[in-house]
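Asks:
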Amino acid sequence: MKSLFSLLFGLLIASTPAVAQELAPDAMVRQVTEDVLTVVRQDKDIQNGNTKKAIALVETKVLPYFNFQRMTALAVGRDWNKATPEQKKRLSEEFKTLLVRTYSNALTSYRNQTVVYKPSRMDAGDTSVVVRTEVVQPGSKPVNLDYTLEKQGDSWKVYDVIVGGVSLVTNYRDTFRQEVSNKGIDGLIAMLADRNRQLEAGKK
Amino acid sequence: MNANFSTRVSCLACVTAMVAASGCATTANNPKDPFEGFNRAMFAVNEGLDVVVKPVARGYDAAAPLPLKVVIGNFFGNIWDLWTAVNNLLQGKGQQAVSDVGRVLINSTVGIGGAFDVAGEMGLTKHSEDFGQTLGKWGVGPGPFFYWPLIGPRTTRDTFGWMVDTYFDPVWRIDDISLRNTLVGVRYIDMRASLLPSDKVVDEAAFDRYDYIRDAYLQHRRSEIFDGELPHEVLDDESSK
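Residue numbers (the numbering used here), protein chains in the order written: chain A, 24 to 227; chain B, 1151 to 1391.
1) Residues of chain A with a CB under 7 angstroms from the CB of Gly1252/B: which are they?
2) Using CA coordinates, which residue listed in Trp1312/B, Gln1241/B, Met1313/B is at the minimum distance from Gly1289/B?
3) With DSSP run on the structure shown, which of helix, strand or coil describes Ser143/A?
4) Mind checking Met51/A: buried by the 16 CB within 10 Å criterion, or exposed?
5) Please classify Gln1241/B: does DSSP put it in a helix, a strand, or coil?
6) Cα-Cα, which of Ile1256/B, Ala1191/B, Ile1363/B is closest to Leu1232/B?
7) Is there a Cβ from chain B that is less than 9 angstroms from the Cβ of Arg155/A?
8) Helix, strand or coil: which one does DSSP assign to Pro1347/B?
9) If I follow the unbroken beta strand (DSSP E) through Ile185/A, where does it start and stop?
10) Can you name the residues of chain B whose CB is closer than 7 angstroms to the CB of Ala79/A?
11) How would you call Arg144/A, buried or exposed, if buried means at least 16 neighbouring beta carbons within 10 angstroms?
12) Expressed to the nearest angstrom, what Euclidean distance is found between the alpha-carbon atoms of Phe1376/B and Leu1368/B?
13) Taking 9 angstroms as the CB-CB cut-off, is Asp1361/B touching chain A?
14) Report yes or no: is there a C-beta of chain B within less than 9 angstroms of the C-beta of Glu202/A?
15) Is the CB of Lys76/A under 9 angstroms away from at least one CB in chain B?
16) Counting pairs of beta carbons, one from the stretch 209-226 of chain A and one from the stretch 117-136 of chain A, are three or more of them closer than 8 angstroms?
17) Is there a C-beta anywhere in chain A that falls below 9 angstroms from the one on Ala1191/B?
18) Whether or not the stretch 1274-1283 of chain B and the stretch 1303-1319 of chain B are in contact is what I'm after, with contact meaning three or more pairs of Cβ atoms, one per stretch, closer than 8 angstroms; do they touch?
19) Taking the alpha-carbon positions, what's the Pro1299/B to Asp149/A distance?
20) Would Lys174/A and Arg93/A be called neighbours here (beta carbons separated by less than 9 angstroms)?
21) With 9 angstroms as the threshold, decide whether the Cβ of Asn205/A is near any Cβ in chain B.
22) Between Ala129/A and chain B, is any beta-carbon pair separated by less than 9 angstroms?
23) Relative to the ligand GTP, is the shortest distance from any of its heavy atoms to the C-beta of Met214/A smaller than 8 angstroms?
24) Could you run through the stretch 1252-1286 of chain B and flag, in chain order, every residue whose CB is less than 7 angstroms away from some CB of chain A?
25) By the criterion of Cβ-Cβ separation under 8 angstroms, what are the contact partners of Leu222/A in chain B?
26) Would you list the one or two residues that DSSP bridges to Gly1302/B?
27) With DSSP collapsed to three states, give me the class of Arg1337/B.
28) How should Phe1318/B be labelled, buried or exposed, when 16 other C-beta atoms within 10 angstroms of its C-beta is the threshold for buried?
29) Enumerate in chain order the residues of its own chain whose CB-to-CB distance from His1277/B is below 7 angstroms, with the five nearest sequence positions on each side excluded.
30) Does the beta carbon of Val1351/B sit closer than 9 angstroms to a beta carbon anywhere in chain A?
31) Quick check: the Cα distance between Arg1364/B and Arg196/A, rounded to an integer number of angstroms?
32) Quick one: Cα of Glu1336/B to Cα of Pro142/A, how far?
33) In chain B, which residues lie with their C-beta within 8 angstroms of the C-beta of Val59/A?
34) Is Arg1372/B helix, strand or coil when you go by DSSP?
35) Taking a contact to mean a Cβ-Cβ separation below 9 angstroms, would you say Ala96/A touches Lys112/A in this structure?
36) Out of curiosity, what's the CA-to-CA distance linking Glu1379/B and Pro48/A?
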């Protein structure tokens, strides 16, 4: 549980998929991770807690390789089908803002971690694959950082990030389900939007 | 040691009785958390205690230079590695157990009493094992979830696992009481300090801190029993676990 939510958060997001089409998922994860780490290692502002800069980095380097609609569907669970297309869009947008912000912030606690890439098993016809990495930091146990990717046309997109065995997406399921059952899909959108506004205003 | 252990066990028994009593009053609408009412109360107690513990951990984190913190982490990690070896053996992972024993031998000597993780540098990877995981590997189910004061989140299985871990914990077995208490204290603060970066993440990400921490704990423990290699299942949006 220890390092569970640690710094790695950043890395991980950071360490997302990369590079254009047809790159194998593990190669993609490696490339984006290294890209982001290279920037963070040299950027004293990010290391000193400049969230805005970290967000910008994540938005340009990492976001293109994520499928947020799929992520949101996964976090919402079976209630997802109750949402109209418009609600789905807004929900995904708010969830994306929240995740990007949270993880960008974690990037700012980067110190001296390195990422080890584990061999990933995949067969030719697979359309969903887990890429496993490990974040190594001096004095602590390494923390597993896994990405689940899905093939979309020619390219692979990440739809789940798992830190120390904890899915950052499905961990929201109970909370989201409860909010939907109390206040409906719109209630859930409002809850997310509200949190995003608080975070933006620096109140949280 | 034994007297002390039994005190702690009887405390736990008291708490268990309290749970049983309060269990009747809770609305058990979440099957994985039948004692949610009690757990949330204990969660609040811990959050209260943290008002004192967290500033201490912050002070430690700020005052101790990184190399010192690494040494402290290594030192306690080395003590635990022997127990990790035993658990790997109990789980039938002989090769890992041998590696763990090798780690202890190397780090206790060349690594100057465990201060430096020389074995890790040599490629003997540190493993994470405890008796709760061993029970899980043996097929014991997690049972209801609990949030204990001081100890934090544990499933029923991991609560028993923790009791066995603590019983065999060399630090708790030190005869010199003041030394023992110092070590237990330092280890606790070091552990709390290592969680500081995650506090902000949870603050921002969680809508309900209790829910978020509980579910993260449960997922994490499940993954640990599989040594981080959970079978890949393509998650369906429809299914809700």
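Even for Gly, the Cβ is constructed at its ideal location relative to N, Cα and C.
Replies: Inspection of the coordinates gives the following:
1) Result: empty, since nearest Cβ-Cβ is about 17 angstroms, beyond 7 angstroms.
2) Gln1241/B
3) Per DSSP, reduced to three states, the secondary structure at Ser143/A is coil, with no helix or strand assignment.
4) buried
5) coil
6) Ile1256/B
7) So yes, Arg155/A belongs to the interface.
8) helix
9) 178-186
10) The premise fails here: Ala79/A is roughly 18 angstroms from chain B at the closest Cβ pair, so nothing lies under 7 angstroms.
11) exposed
12) 13 angstroms
13) yes
14) True, the Cβ-Cβ gap to chain B drops below 9 angstroms.
15) no
16) yes
17) no
18) yes
19) 46 angstroms
20) no
21) For Asn205/A, the answer is no, since every Cβ of chain B falls outside 9 angstroms of its Cβ.
22) yes
23) As presented, the structure is devoid of all ligands, the ligand GTP included, so that no description of it is given.
24) Shown in chain order are the members of the stretch 1252-1286 of chain B whose Cβ falls below 7 angstroms from a Cβ of chain A: Lys1276, Ser1278.
25) Glu1354
26) Trp1298/B
27) Three-state DSSP puts Arg1337/B in a helix.
28) exposed
29) Thr1234, Asn1238, Gln1246, Asp1250
30) So yes, Val1351/B belongs to the interface.
31) Their backbone Cα atoms lie some 12 angstroms apart in a straight line.
32) First, the residue type needs correcting, since residue 1336/B is Val and not Glu in the sequence shown. In this structure, the straight-line span from the alpha carbon of Val1336/B to that of Pro142/A is close to 38 angstroms.
33) By Cβ distance, chain B contributes nothing, its closest Cβ being about 17 angstroms from Val59/A, past 8 angstroms.
34) helix
35) no
36) 18 angstroms
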